[in-house]
Amino acid sequence: MSAPPLIVLTGAGISAESGLATFRDKNGLWERHRVEELATPEAFAADPVLVHRFYNARRAQLADPAIRPNAAHLALARLFAAWPAPALLVTQNVDDLHDRAMPGSPALLHLHGELGRIRCTACGRQQAWRGDLSVETPCPACAVTGRLRPDIVWFGETPRGLARIEQAMAGCRLFLSIGTSGQVYPAAGFVAALRGRAERIELNLEPSLGSHLFDESRQGPATALVPAMVEELLARWA
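So that you can map any letter, position 58 of the sequence shown is 302 in this note's numbering, and since no number is skipped, the others follow by simple counting.
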């Protein structure tokens, strides 16, 4: 039997073991900040200094040499390099750990944008950005100040790549969900949309809100579960 078209969805749980703070667990970032203060267009309009400070700290954390792709990221890179059927990796994470594990891969889609990129709301320019950002930073393209923002999809904004995801979902026959909370849409709805059309497997530290919708749910750290699953899949189909 030939390998099935594959979609892998990843969330904050896959990056937590690399040392990045997650958002929705007990010690996550939302415990110290309200979403309304940091991750909406209204928050940025009301207090851009606070929002920039928050994302500057996250960008600085990501630049720490100790933060690097873990065994789960590397296992997925191996899976995608070897998978003999159409495959798409949709990540809800704004970090670049998947990018580092599988550089230049056309199979990677950042649903919620990227922490290492900025966007100018005056001219629309998007570009890579590694340093701090402030209301005084001029746009490299149009020189306007006060209009640069993280290239992140905030609450109330449209996620990226939905047309591409919809096309992949139409052909998907194997769906893996890794380290996601099952709380953020549209990603939380993928598993239900694939009912009856794809084998659906969840790998998570603990069951997500939608765990009952999966054909199989395995609990444990991503660095243990993901490499083991990749070995199984490649032995079965590659």
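Where is the CB? At the ideal position from N, CA and C, for every residue including glycine.
Here the structure is a predicted model, which is why all the values come from computation and not from measurement.
Quick one: Cα of residue i to Cα of residue j, how far?
i, j, result
"residue 381", "residue 347", "29 Å"
"residue 286", "residue 355", "21 Å"
"residue 319", "residue 349", "14 Å"
"residue 297", "residue 377", "8 Å"
"residue 249", "residue 477", "12 Å"
"residue 451", "residue 463", "7 Å"
"residue 293", "residue 472", "44 Å"
"residue 396", "residue 428", "15 Å"
"residue 460", "residue 432", "16 Å"
"residue 290", "residue 480", "53 Å"
"residue 317", "residue 454", "23 Å"
"residue 467", "residue 362", "30 Å"
"residue 340", "residue 424", "17 Å"
"residue 327", "residue 389", "46 Å"
"residue 278", "residue 325", "39 Å"
"residue 383", "residue 247", "46 Å"
"residue 261", "residue 441", "32 Å"
"residue 366", "residue 391", "6 Å"
"residue 329", "residue 414", "14 Å"
Starting from residue i, trace the beta strand (DSSP E) both ways and give me its first and last residue.
i, result
"residue 357", "357-364"
"residue 448", "443-448"
"residue 254", "250-254"
"residue 394", "392-396"
"residue 371", "370-372"
"residue 411", "First-last for residue 411: 406-415, but that is the alpha helix (DSSP H), not the beta strand (DSSP E)."
By Cβ distance, which residues of its chain are closer than 7 Å to residue i, with the 5 residues on each side in sequence left out?
i, result
"residue 269", "The predicted position of residue 269 is uncertain, since its pLDDT is 49 and thus under 50; a value taken from the coordinates is nonetheless stated next. Closer than 7 Å at Cβ, skipping near neighbours: no residue."
"residue 322", "474"
Quickly, what does DSSP pair residue i with across the bridge? List them, please.
i, result
"residue 216", "Because residue 216 is not part of the residues shown, which for the chain are 245 to 482, the question remains open."
"residue 354", "335"
"residue 422", "254, 447"
"residue 382", "389"
"residue 286", "Answer is none; residue 286 lacks a bridge partner."
Go through its chain and collect everything with a Cβ distance to residue i's Cβ below 8 Å, but skip five positions before and after it.
i, result
"residue 353", "332, 333, 334, 335, 404, 405, 408, 409"
Going by DSSP, what residue range makes up the alpha helix (DSSP H) through residue i?
i, result
"residue 476", "466-481"
"residue 344", "341-345"
Does the count of Cβ pairs from the segment 414-422 and the segment 432-447 closer than 8 Å reach three?
yes
Answer yes if the segment 364-377 comes into contact with the segment 320-337, meaning at least three C-beta pairs across the two stretches below 8 Å, and no otherwise.
no
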